[in-house]
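Report on the following structure.
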Ligand SMILES: [Fe+2]
């Protein structure tokens, strides 16, 4: 964690994120995500041979909340587990704080839903920005053939709830259909938690 009190510029190559000056790096492998995918037989089959990396996250957190902004870059690697594309775990914010996603490279989707039952799935492409209001759970999905990389900006005061998604999932699934078509379907296993 760090504190920014002076203006600064940060230049980085989204394809060389190992050089990003992160204060924290998170790696999510399939073994960390097995509960999140629908096709448990495929998960077991893949894990018996390897433990692929699904995504990495490099972040710089501000330590003097509530002022300032934290930010980070996520790279979701291309691929799927059964018909479900590689994706992040997804979470709710448990304290007020919106978030901004700006796509740097590749293509993907942003799945969101609120506890009131509103469900949204947005496109994420280079040049697009997505705004995530506090009340919406959010997950990103790589629907392309290349790495999907985006910048996230959020207030450092927010806390995260991953448990609700782990228990109840998202109402929508982003899957690979016939001829590699990207489809958004209803998640039959979704439960309101
Ligand atoms: Fe978030």
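In my numbering, the protein residues as written are 814 to 1006. Cβ atoms here follow ideal geometry from the backbone N, Cα and C, with glycine treated the same way. The structure displayed is predicted, hence computed values, not measured ones.
If we ignore side chains and look at the alpha-carbon of each, how far apart do residue i and residue j end up?
i: residue 995; j: residue 923; result: 13 Å
i: residue 927; j: residue 848; result: 21 Å
i: residue 844; j: residue 873; result: 25 Å
i: residue 954; j: residue 897; result: 9 Å
i: residue 895; j: residue 866; result: 15 Å
i: residue 885; j: residue 949; result: 19 Å
i: residue 947; j: residue 911; result: 5 Å
i: residue 834; j: residue 975; result: 26 Å
i: residue 941; j: residue 888; result: 16 Å
i: residue 868; j: residue 821; result: 28 Å
i: residue 881; j: residue 960; result: 29 Å
i: residue 876; j: residue 839; result: 18 Å
i: residue 817; j: residue 908; result: 22 Å
i: residue 987; j: residue 993; result: 12 Å
i: residue 952; j: residue 943; result: 12 Å
i: residue 997; j: residue 931; result: 15 Å
Relative to the C-alpha of residue i, which residue among the options is closest?
i: residue 1002; options: 982, 914 and 884; result: 982
i: residue 892; options: 910, 920 and 883; result: 920
i: residue 984; options: 990, 1005 and 968; result: 1005
i: residue 969; options: 903, 883 and 836; result: 883
i: residue 824; options: 818, 832 and 817; result: 832
i: residue 900; options: 837, 836, 990 and 850; result: 850
Mapping the DSSP letters down to three states, classify residue i as helix, strand or coil.
i: residue 941; result: coil
i: residue 986; result: strand
i: residue 855; result: helix
i: residue 980; result: helix
i: residue 890; result: coil
i: residue 929; result: coil
i: residue 875; result: strand
i: residue 836; result: coil
i: residue 960; result: coil
i: residue 864; result: coil
i: residue 843; result: helix
Confirm, please, whether the CB-CB distance from residue j to residue i is below 8 Å.
i: residue 841; j: residue 864; result: no
i: residue 977; j: residue 870; result: no
i: residue 914; j: residue 965; result: yes
i: residue 917; j: residue 962; result: yes
Next on the checklist: So, does the segment 848-861 touch the segment 936-946, judging by three or more C-beta pairs under 8 Å?
Outcome noted: Touching, no.
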